[in-house]
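4 is the number of the first residue of the sequence shown in our numbering; add one for each residue after it.
For each residue, glycine too, the CB sits at the ideal point set by N, CA and C.
A quick note: this is a predicted structure, and the numbers were derived from the prediction, not measured.
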Amino acid sequence: MEGRNFKIFLILVFFSEWLLSSSNSFSFFVSASDSNSQTVRSKVNYTRLALVGVGTAGTMAVIHVYQQHAWWSGQRGPFHIVNDWDYALNIDKVGHFYGATLISNLFSSSLQWAGVEKKRAMIYGAMLGSIFGLYVEFEDGFATDWGFSPGDAMGNILGAWYPVAQHYVPFLRNFNFKWSYIPTTQLKTGKKKIFIDDHEGQTMWLSISISNFLPEKIEKFYPDFLNIAIGYGVRDLDGLGGGKREFYIALDYNLEKLPGDGWFWNLIKKNLNYIHLPAPTLRLTPKVAFWGFFFSKKI
Numbered sequence: 004m005e006g007r008n009f010k011i012f013l014i015l016v017f018f019s020e021w022l023l024s025s026s027n028s029f030s031f032f033v034s035a036s037d038s039n040s041q042t043v044r045s046k047v048n049y050t051r052l053a054l055v056g057v058g059t060a061g062t063m064a065v066i067h068v069y070q071q072h073a074w075w076s077g078q079r080g081p082f083h084i085v086n087d088w089d090y091a092l093n094i095d096k097v098g099h100f101y102g103a104t105l106i107s108n109l110f111s112s113s114l115q116w117a118g119v120e121k122k123r124a125m126i127y128g129a130m131l132g133s134i135f136g137l138y139v140e141f142e143d144g145f146a147t148d149w150g151f152s153p154g155d156a157m158g159n160i161l162g163a164w165y166p167v168a169q170h171y172v173p174f175l176r177n178f179n180f181k182w183s184y185i186p187t188t189q190l191k192t193g194k195k196k197i198f199i200d201d202h203e204g205q206t207m208w209l210s211i212s213i214s215n216f217l218p219e220k221i222e223k224f225y226p227d228f229l230n231i232a233i234g235y236g237v238r239d240l241d242g243l244g245g246g247k248r249e250f251y252i253a254l255d256y257n258l259e260k261l262p263g264d265g266w267f268w269n270l271i272k273k274n275l276n277y278i279h280l281p282a283p284t285l286r287l288t289p290k291v292a293f294w295g296f297f298f299s300k301k302i
């Protein structure tokens, strides 16, 4: 690892640790109904917060070392910006948005587990997700084969803050991003180094809570766990901006509507809900096709 890279990385890790540790100065109130209808005061759990901090630093370090060897090794050069709006027919931009949303929610859920108040945890999660995404983009900017991508950076920031937007704008909760993937032969043969660059095997989905848009007379009979998803995939990419776009419409499942409660079970449902499970699917372009159960295309 180059000294300059390592120093920059340490600054980001220490900043993230400071951001996490600063949460321990806050306490929050949780309204709970007891026999006397009193308000119960809860404080940040320092032990859990420390575990979150150590886990965050460790995870960032592992990811950095991996990327340093897989992507940036031997490519150090002058910082440069690339215009890659036509790369992979933009499915990578959707992927950056989706990935940043996942990271933001992971940080947020971890901080809430440590006792940080939900709104504050979500903002910290979005900040950490943005910081990490931008760090990767700036490192790409010094890699001769890559470059800083404004589009990727925009996707990272918007994705990291989307959960916060959903919290403050309830209407947005009707729209959630999901992902499905089957490895292609390019990944299996080593032409692609990592699955996140294996774009042709991925399908990105926008899941819509359709029950919230139905008239009341119909809505009461409609299963609220059943959503409609719009999918986007690509194939025959040539690396020069060419290829074919594929659009789908499918049924989807809101797993957060599954019965049962409890912090751990709710966490499982929330995280599984980022995956689009096999469902009846209609492909609209480039050629109409229908599958009784479709997960992602096989290439």
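Residues bridged to residue i [DSSP beta-bridge criterion]
| i | result |
| --- | --- |
| glutamine 205 | Tyr184 |
| threonine 305 | This structure does not reach residue 305, given that the chain is present from 4 up to 302, and the question cannot be answered. |
| leucine 285 | Ile252, Phe293 |
| arginine 79 | Ala146 |
| phenylalanine 178 | Ile211 |
| isoleucine 84 | Phe151 |
| isoleucine 278 | Trp182 |
Inter-residue spacing [alpha-carbon to alpha-carbon] between residue i and residue j
| i | j | result |
| --- | --- | --- |
| tryptophan 266 | glycine 128 | 18 Å |
| glycine 242 | glutamine 205 | 16 Å |
| tyrosine 256 | aspartate 227 | 9 Å |
| threonine 62 | tyrosine 277 | 20 Å |
| arginine 176 | leucine 109 | 17 Å |
| lysine 290 | isoleucine 197 | 29 Å |
| alanine 35 | isoleucine 213 | A caution first: alanine 35 carries a pLDDT of 35, below 50, which makes its placement in the model too unreliable to give a value. |
| histidine 170 | isoleucine 211 | 16 Å |
| glutamate 249 | glycine 234 | 8 Å |
| glycine 246 | aspartate 201 | 14 Å |
| glycine 77 | threonine 50 | 40 Å |
| tyrosine 251 | tyrosine 165 | 23 Å |
| leucine 229 | leucine 280 | 12 Å |
| phenylalanine 296 | glutamate 219 | 30 Å |
| serine 26 | leucine 105 | Model confidence at serine 26 stands at a pLDDT of 48, short of 50, so the residue's coordinates are unreliable and nothing is read from them. |
| isoleucine 199 | glutamine 70 | 12 Å |
| isoleucine 221 | valine 139 | 47 Å |
| asparagine 269 | lysine 96 | 29 Å |
| isoleucine 134 | phenylalanine 100 | 14 Å |
| phenylalanine 178 | valine 55 | 29 Å |
| asparagine 215 | lysine 223 | 10 Å |
| tryptophan 75 | lysine 195 | 15 Å |
| glycine 132 | serine 113 | 13 Å |
| leucine 285 | serine 299 | 12 Å |
| leucine 190 | isoleucine 302 | 10 Å |
| serine 24 | alanine 60 | Low local confidence applies: a pLDDT of 49 at serine 24 is under 50, so the model's placement there is unreliable, with the coordinate-based value given in what follows. If you take the alpha carbons of serine 24 and alanine 60, they lie about 12 Å apart. |
| alanine 292 | alanine 53 | 51 Å |
| tryptophan 294 | alanine 282 | 8 Å |
| glycine 263 | leucine 217 | 25 Å |
| lysine 122 | methionine 130 | 13 Å |
| glycine 80 | alanine 253 | 45 Å |
| phenylalanine 180 | valine 172 | 16 Å |
| glutamate 120 | serine 111 | 10 Å |
Supposed close pair residue i, residue j - CB separation, criterion 8 Å
| i | j | result |
| --- | --- | --- |
| glutamate 203 | threonine 187 | 5 Å |
| leucine 287 | leucine 275 | With a Cβ gap of about 27 Å, leucine 287 and leucine 275 do not count as contacting. |
| glycine 58 | alanine 103 | With a Cβ gap of about 19 Å, glycine 58 and alanine 103 do not count as contacting. |
| serine 152 | valine 237 | Their Cβ separation, rounded to whole angstroms, is 17 Å, which puts serine 152 and valine 237 out of contact at 8 Å. |
| alanine 117 | valine 47 | 6 Å |
| alanine 232 | leucine 209 | 6 Å |
| histidine 83 | glycine 150 | 5 Å |
| valine 68 | isoleucine 126 | Incorrect: roughly 28 Å between the Cβ atoms, too far for contact. |
| methionine 207 | glycine 98 | 7 Å |
### Query
Considering only residues of the region 185-272, which uninterrupted beta strand (DSSP E) runs meet the minimum length of 3 residues and lie entirely inside it, listed in chain order?
205-211, 229-238, 247-256
### Message
Three or more C-beta pairs under 8 Å: does that hold for the region 156-175 against the region 81-93?
### Response
no
### Task
State whether the region 134-151 contacts the region 166-184, with contact taken as three or more CB pairs (one from each stretch) at a distance under 8 Å.
Under the 8 Å Cβ criterion, the region 134-151 does not count as touching the region 166-184, having fewer than three qualifying pairs.
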